[in-house]
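Those protein sequences? They're chains F and E, same order as listed. Count the first sequence with my numbering and you get residues 73 to 573, in order. Count the second sequence with my numbering and you get residues 122 to 633, in order. These notes concern the structure reproduced below.
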Amino acid sequence: MKQAPERTVPFEDAVTRYDPLIGLETHVELGTRSKMFCGCPTVFGADPNTAVCPVCLGLPGSLPVINKAAIEYTIRIGLALNSSIASWCRFARKNYFYPDMPKNYQISQYDEPLCTDGWLDVEVGGERFRVGIERVHLEEDTGKSQHVGRSGRIHGADYSLVDYNRAGIPLVEVVTKPIPGTGALAPAVARAYVTELRDLMRALGVSDVRMEQGSLRCDVNTSIAPAGSGQWGTRTETKNVNSLRSVERAVRSEIERQAARLDAGDRIVQETRHFHEETGTTTAGRSKEEAQDYRYFPEPDLVPMEPPGAWVEEIKAALPELPRARRARLQAELGLTDADMTALRNAGALDLVAETVAAGASAEQARNWWLAELSRRANEAGVELSALPVSPAQVARICALVESGQLNNKLARQVLDGVLAGDGSPDDVVATRGLTVVTDTSVLTAAVDEAIAAKPDVAAKVRDGKLAAADALLGAVMRATGGQADAASVRELILQRLGQA
Amino acid sequence: MASGSELTSLTAAEMASAVAAGEISAVELTGAHLDRIARTDLHVRAFLHVAADGALAAAKAVDERRAAGEPLGPLAGVPLALKDVFTTIDMPTTCGSKILAGWQPPFDATITTRLREAGVVILGKTNMDEFAMGSSTENSAFGPSHNPWDLARVPGGSSGGSAAAVAAYQAPLGIGTDTGGSIRQPAAVCGLVGVKPTYGGSSRYGLVAFASSLDTPGPLARTVLDAALLHETMSGHDPCDSTSLDAPVPPVVAAAKHADVAGLRVGVVTELAGDGYASGVLSRFNEAVELLESLGAKVTEVSCPHFSYGLPAYYLIAPSEASSNLARFDAMRYGLRVGDDMRASAEDVMSLTRAAGFGAEVKRRIMLGTYALSSGYYDAYYGKAQQVRTLIARDFSAAFEQADVLVSPTTPTTAFRLGERADDPMAMYLADLCTIPGNLAGNAAMSVPCGLAPEDGLPVGLQIMAPVLADDRLYRVGAAVEGALDQRRGHRILDEANGIERVGDASAEAGR
Chain F
73 MKQAPERTVP
83 FEDAVTRYDP
93 LIGLETHVEL
103 GTRSKMFCGC
113 PTVFGADPNT
123 AVCPVCLGLP
133 GSLPVINKAA
143 IEYTIRIGLA
153 LNSSIASWCR
163 FARKNYFYPD
173 MPKNYQISQY
183 DEPLCTDGWL
193 DVEVGGERFR
203 VGIERVHLEE
213 DTGKSQHVGR
223 SGRIHGADYS
233 LVDYNRAGIP
243 LVEVVTKPIP
253 GTGALAPAVA
263 RAYVTELRDL
273 MRALGVSDVR
283 MEQGSLRCDV
293 NTSIAPAGSG
303 QWGTRTETKN
313 VNSLRSVERA
323 VRSEIERQAA
333 RLDAGDRIVQ
343 ETRHFHEETG
353 TTTAGRSKEE
363 AQDYRYFPEP
373 DLVPMEPPGA
383 WVEEIKAALP
393 ELPRARRARL
403 QAELGLTDAD
413 MTALRNAGAL
423 DLVAETVAAG
433 ASAEQARNWW
443 LAELSRRANE
453 AGVELSALPV
463 SPAQVARICA
473 LVESGQLNNK
483 LARQVLDGVL
493 AGDGSPDDVV
503 ATRGLTVVTD
513 TSVLTAAVDE
523 AIAAKPDVAA
533 KVRDGKLAAA
543 DALLGAVMRA
553 TGGQADAASV
563 RELILQRLGQ
573 A
Chain E
122 MASGSELTSL
132 TAAEMASAVA
142 AGEISAVELT
152 GAHLDRIART
162 DLHVRAFLHV
172 AADGALAAAK
182 AVDERRAAGE
192 PLGPLAGVPL
202 ALKDVFTTID
212 MPTTCGSKIL
222 AGWQPPFDAT
232 ITTRLREAGV
242 VILGKTNMDE
252 FAMGSSTENS
262 AFGPSHNPWD
272 LARVPGGSSG
282 GSAAAVAAYQ
292 APLGIGTDTG
302 GSIRQPAAVC
312 GLVGVKPTYG
322 GSSRYGLVAF
332 ASSLDTPGPL
342 ARTVLDAALL
352 HETMSGHDPC
362 DSTSLDAPVP
372 PVVAAAKHAD
382 VAGLRVGVVT
392 ELAGDGYASG
402 VLSRFNEAVE
412 LLESLGAKVT
422 EVSCPHFSYG
432 LPAYYLIAPS
442 EASSNLARFD
452 AMRYGLRVGD
462 DMRASAEDVM
472 SLTRAAGFGA
482 EVKRRIMLGT
492 YALSSGYYDA
502 YYGKAQQVRT
512 LIARDFSAAF
522 EQADVLVSPT
532 TPTTAFRLGE
542 RADDPMAMYL
552 ADLCTIPGNL
562 AGNAAMSVPC
572 GLAPEDGLPV
582 GLQIMAPVLA
592 DDRLYRVGAA
602 VEGALDQRRG
612 HRILDEANGI
622 ERVGDASAEA
632 GR
């Protein structure tokens, strides 16, 4: 069923006249070895229905047993988000029928979440926003349906297939409080929050957070109210927004759409909306979904969780340095500007640069290599920077070879080519391809004398004190040595031979 | 060599020692029970599935272990009837429902595993009210079981199949589950010993759930000692069941052998008597109390004022949990599938299957529970029922300060006639009036025979209730009552059951 595109108001206009209020619910699949309530592995991409057992298939008679690691990870997340950790809480059943839910209820948490009332600071354009965290709770993931047929959705599908490998993977839901006062920055703040949350999860080692594999999924709530009214409008919930860029676009398009409705005197319907990657817009979901009554009640198959205070303290003491503190420290240590930091974060290069510096490179060299040469290659290959087959230690080694004069920049790039091609370490590539700067003076002297003899007029100019003319001779020498000479040394030698040194 | 009927009339303890001593083989013993089933089950209809080959193979394995000089457990070689609500890898598990007809689980319940490891011979799977919802087995999709005392009467429920099998000497032991009285009430009306252990004392892993916070597996037997031996064999901590208690099994076998109530404080619950109780039930109950007093027990009356709210609270909590537990039967992965013509939607197939696969009582409870959990009603129904549950647990705590055990009739009446209450759910629900408080509080309780009602000659059960993890007290009191009554009569109460004899020791073609 095709819906007519809704009217919109240009974004800048909309945020001039309306104040947006946003809120995010983010689901993160935890990277525990086994599932939430059984011993099945949490693998991605295995053959369908191979990582399953009676428990995660919800077979009659099976019972769940809590994965302690998942509780620990959730507490870690809660602590990193400055939340209170409940000393007693329970799982609850969320009841609804759907073929990818083995039991037709999801074990989740309702009014007794494990972590409550925290915050996460994010920065946009140098301005800091403190995002309130309402709750962090733990639940189990569902299976995955694949609807085969023209529509690709359950309605109108010829048939559907269900893969239960994902069913029972521990899922953490982080819910923000409403985020006021973001104005025109609302879409950027939403994106910055999800980015910060992603970095936090990675730093905590609780998830690999691969959005493209669905291990981080967002629901974005958006509402608007007349500017300065201090009121809250009716919100919509845009489901399954699965990339950082989409988070930003979803907020933006909802603001544009809602503004047009209010301008026209229409009311905003509280509803679920679907985000479309192709158009960057949302369409209304089924109204039936919002009428869903989940009939939550405490899960009688599990006993309450009572994380001992000493254990929580232990987890707190073992928290790693968190991304924000780490960034501040690295910026100071590496002497980077705010602009550098932004560029490095956007490129996903901060950790790589830090590791390269830790391996001995200068901050400037490391920054330049990763932001320029390596970013270009990652773009060409269409992969994340971190996915390039070169380690920070190898980049640092190339920097060292340049520093010591064994490589010039052109040779260094050739060495990098070799490393990326899988020919081994920088030293291996230097050895196998013979990529060393020529330092043998007799070889260089012969090449210089040859160049002088070939261009006596140029040589004469240099002798007369026109030192710039030496460049012409330099070029000839570099060509003769196949680029493997150090230009500065060659220049010095030319001047020496022509009595100008 | 003993005759078949001599073998089947032994107690489980006697059978086990005869097997251990080499006086009889487990195969012989199993064969005698299979013969008995073949001759009587057309009338009793205790079994939904008889696993003759599997049982004989298990018996043979016990005989081989004995021959090899390996140590045998206290119930090795003893046959047992297993309620069809426990998963079994080599037998179907239907829960008495069409929706699971023919389903063969890929895993054994923890209790199934423990029985196998103990060398107990599982004869087959017994009939039950569908998904354990009922007090008569009339809610079984496969037809009712019959009470061996009078085949026109119900054997109680929901574990009526296991109770009927044990009372008909088809097996010396049975396993049932007790959610609101489903072991104790059939035990009472079939003249057996039936025990609901402390909640969490016996594993629920592989027990297809009716109401998770109430379901408790337990033993059915003809003697208190036999029940204790099975209780000990089947119980204990199970890491696969989070609600399983990590505590040692109370010393029930020792208690069953220590039939001494001298000095024990016995509390009679005043709220569990009066209107609605059959006169024969009350008179036998009162005699049992006097008997205990004569044996040296100190009898007092205790009041548990909230017990009268137990039944309504139960009929909110149990259906609420059931409405969620039974949601998984949706035709997508296993069991019945109706209406899948390759055009119907998954939702349509789910509804058609559930409409065709569940019986009326199951549907009634799913609807009750769905309603009770609905937004806007939750606090008034489910929430309030949970508060009542707390109050009942407090009543028990207070009562157990005054008494070591509490007693009451197990059920207000003796076995009723088949069909008598089938169309009146409220009348049916009253059968569990006395047993439900124990489920809501999670403590231990037993029904032990205390005589026959004069008006109909049918057995009456004495309910004994003990605090959480004091299951051993049940056996001490139960053994004292059993011993004194047997001595007074000169024989066991069950020896007077003659329902099967009335239809004749039915012909061999009665077997299946």
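Backbone N, C-alpha and C define an ideal beta-carbon position, used for all residues, glycine too. What you are looking at is a predicted structure, and each value in this text was computed from that prediction instead of being measured.
Residue ranges of uninterrupted alpha helix (DSSP H) with 4 or more members, entirely inside the region 139-206 of chain E and ordered along the chain, are 147-165, 173-188. Under the 10 Å beta carbon count, Asp410 (chain F) is surrounded by fewer than 16 other beta carbons and is classified as exposed. Within chain F, the residues whose beta carbon sits less than 7 Å from that of Leu328 (chain E) are Gly133, listed in sequence order. At a cut-off of 8 Å between beta carbons, Lys107 (chain F) makes no contact with chain E. Listed in chain order, the positions of the region 284-297 of chain F with a beta carbon within less than 8 Å of a beta carbon of chain E would be empty, since no residue qualifies. Linking Ser156 (chain F) to Gly381 (chain F) through their CA atoms gives a straight-line distance of about 11 Å.
With a cutoff of 8 Å on beta-carbon distance, Trp224 (chain E) and Gly456 (chain E) are scored as near each other.
In this structure Glu482 (chain E) does not touch Ser334 (chain E) by the C-beta definition: roughly 20 Å separates them, more than the 8 Å allowed. Put simply, the region 176-189 of chain F touches the region 208-223 of chain F. At least three CB pairs are less than 8 Å apart. The three-state secondary structure of Trp441 (chain F), taken from DSSP, is helix. Across the set F:Glu452, F:Ala465, F:Phe83, F:Asp543, the C-alpha of F:Phe83 shows the shortest separation from the C-alpha of Leu257 (chain F).
By the 16-neighbour rule on beta-carbons within 10 angstroms, Thr146 (chain F) is buried.
Under the Cβ distance rule, Leu494 (chain E) counts among the residues neighbouring chain F, one pair being separated by less than 8 Å. For Gly130 (chain F), the closest Cβ of chain E is nearer than 8 Å.
In terms of CA proximity to Gly480 (chain E), E:Asn260 leads the group E:Ala309, E:His164, E:Asn260. Taking a C-beta distance under 8 Å as the contact criterion, Lys249 (chain F) and Ile296 (chain F) do not qualify as a contact pair. Shown here, Pro570 (chain E) sits in a strand according to DSSP, grouped into three states. Within the same chain, Cβ atoms closer than 8 Å to the Cβ of Ala383 (chain E) are found at Leu416, Gly417, Ala418, the five residues on either side in sequence being excluded. For Val115 (chain F), the number of other beta carbons within 10 angstroms of its own is below 16, and it is reported as exposed. Contact of Pro227 (chain E) with chain F is assigned, a C-beta pair being separated by under 8 Å.
The alpha-carbon of Ala332 (chain F) is positioned some 5 Å away from that of Thr80 (chain F). Here Pro558 (chain E) is buried, its C-beta having at least 16 other C-beta atoms within 10 Å. The Cβ atoms of Val530 (chain F) and Val491 (chain F) lie no closer than 8 Å to each other. Spatial neighbours of Thr254 (chain F) in its own chain (CB-CB distance under 6 Å, excluding positions within 5 residues in sequence) are listed in chain order as Val261. If you look at His352 (chain E), you'll find it in the alpha helix (DSSP H) that goes 345-355. Counting only runs of 3+ residues, the beta strand (DSSP E) found wholly inside the region 231-264 of chain F occupies 231-235, 242-248, in chain order.
Arg237 (chain E) carries a helical assignment under DSSP once its states are collapsed to helix, strand and coil. Residue burial is scored here from C-beta neighbours: Asp536 (chain F) has fewer than 16 other C-beta atoms within 10 angstroms and is therefore classed as exposed.
Under the 8 Å criterion on CB atoms, Pro242 (chain F) is classed as non-interfacial with respect to chain E. Annotation: Ala562 (chain E) has no Cβ neighbours in chain F at a cutoff of 8 Å; minimum Cβ distance is about 15 Å. Residue-level contact by beta carbon fails for Ala476 (chain E) and chain F, as no gap is shorter than 8 Å. Here Asn446 (chain E) carries a helix assignment [DSSP, helix/strand/coil]. Under the Cβ criterion of 8 Å, Ile138 (chain F) is counted among the residues facing chain E. A distance of 8 Å or more separates the beta carbons of Pro498 (chain F) and Arg162 (chain F). Counting along the chain, no alpha helix (DSSP H) covers Lys216 (chain F); the unbroken beta strand (DSSP E) around it starts and ends at 216-220. Between Arg325 (chain E) and the set E:Thr233, E:Leu313, E:Ala239, E:Val316, the nearest pair of CA atoms involves E:Thr233.
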